[in-house]
Every structure is written in C-alpha cells, then in structure tokens.
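Numbering (my numbering), first residue to last: 6 to 80. Report on one structure; see the data block that follows.
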C-alpha cells in the first residue's frame, strides 16, 4: 500500500526544468534575499563593533579617572 505523491510527477518535472534553466542559485531567488544575505550580517557586524569600541572607551575612561584621582596605586 503506497501513498499517492503530494504533487503530480509532471508538475515536479516542470518545476525542475524551470529552476535548472536559471543560472542564479535557487536560494537567491526571493525578493528579500538582499536583506537576509547582506543587511542582517552587516547590522550584526556593526553592532558588535559598536559594543567593542564603546566598552574599550569605557574602560579607558575608567583608567584615566583612576589615574587622575590616585585610585589603585601600587605602593
């Protein structure tokens, strides 16, 4: 007892021909592909860079404050 296929074989062959004739990869077909492949990684890189720079500036400012007030000197 076998189940019937979800789609008819003719429609599957037609879709295969359509996708195989296109030179661009099938995962870059949608209209939101520029957002998912370029904008999101760029935004993640920008935010991580922002956090790294802001944390380093924060620690640097803390060190300057400690030096100017004589906090944490070794004797």
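Glycine included, every Cβ here is placed at the ideal spot set by N, Cα and C. Because the structure is a prediction, the values reported are computed rather than measured.
Would you kindly report the start and end of the unbroken alpha helix (DSSP H) that includes residue i?
i          : result
residue 65 : 45-74
residue 14 : 14-26
Return helix, strand or coil for residue i, following the three-state DSSP convention.
i          : result
residue 42 : helix
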